Amino acid sequence: MDVKALLRDHPAWLAHLESVEGPDLVLPADLATELLRLTVPHEDIGAVLAARPEPGSGRWWLAERCARSLVATMGRPDDGPPSFQPLPELGPYFSVYAFLGALPYTLAYHRELGIPAEVSQATFADLGRLVAVHMTCGSWLLDDQLRAYLPAGSHILAFQRRFRLLERAVADHLAAGGTWYGRVGWLPF
Numbered sequence: 000m001d002v003k004a005l006l007r008d009h010p011a012w013l014a015h016l017e018s019v020e021g022p023d024l025v026l027p028a029d030l031a032t033e034l035l036r037l038t039v040p041h042e043d044i045g046a047v048l049a050a051r052p053e054p055g056s057g058r059w060w061l062a063e064r065c066a067r068s069l070v071a072t073m074g075r076p077d078d079g080p081p082s083f084q085p086l087p088e089l090g091p092y093f094s095v096y097a098f099l100g101a102l103p104y105t106l107a108y109h110r111e112l113g114i115p116a117e118v119s120q121a122t123f124a125d126l127g128r129l130v131a132v133h134m135t136c137g138s139w140l141l142d143d144q145l146r147a148y149l150p151a152g153s154h155i156l157a158f159q160r161r162f163r164l165l166e167r168a169v170a171d172h173l174a175a176g177g178t179w180y181g182r183v184g185w186l187p188f
């Protein structure tokens, strides 16, 4: 995957990622155990593991640069990293790897600030909740049939484009019947 081509429409973000310096991406040796420790739901563990970027790939480069960006701006809330651009091509679990890459540096930063390990653990356990809660959206606004009624530049269709709809074949079949149903999609981070 050519991630720089994916970022072509986001030149400022690409320039930031190319310029940020920091540590190389190192993932936990026992990734599944770490994901469980971070309370990633059991039903998502396999999919998160399958989404692991390969070292040397464009996805690895991007995960490393995102982690570097998080580490470089740590402790400076007014100078945080640029917002992660929606790139559905990366899949719903890509951002987990950016956070995993920043995890050891964040834990070290917490120790420097005197934050107890239990507080850090509870904070990072929220990653699992976010995987479970914030990657899905159920709404009638995701119904493909709206494209026939709304202008291409409408906000609702822009909202739809941020999601990858599930069970496309079933949705197409139901759309042929002319009935609108709510759908579920995920929001890329």
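In terms of numbering that gives the first Met the number 0, the sequence shown opens at residue 0 and continues consecutively.
Glycine residues also receive a C-beta, built at the ideal position from the N, C-alpha and C atoms.
Since the structure is predicted, the reported quantities are computational estimates derived from the model, not experimental observations.
- In this chain, the alpha helix (DSSP H) harbouring F158 covers 154 to 160.
- Secondary structure note for A97: its alpha helix (DSSP H) is the uninterrupted segment 93 to 111.
- In terms of Cα proximity to Q120, the closest of Y92, L37, E111 is L37.
- For Q84, the secondary structure class from DSSP, reduced to helix, strand or coil, is coil.
- Residues L34, V39, Y92, V95 of the same chain have their beta carbon placed closer than 7 Å to that of V47, with the five preceding and five following residues left out of the count.
- Where G45 is concerned, the enclosing alpha helix (DSSP H) starts and stops at 41 to 49.
- Taking a C-beta distance under 9 Å as the contact criterion, R51 and G100 do not qualify as a contact pair.
- An exposed status is given to W139, since fewer than 16 other beta-carbon atoms sit within 10 Å of its beta-carbon.
- Here the C-alpha atom of P76 lies approximately 29 Å from the C-alpha atom of E88.
- For G57, the secondary structure class from DSSP, reduced to helix, strand or coil, is helix.
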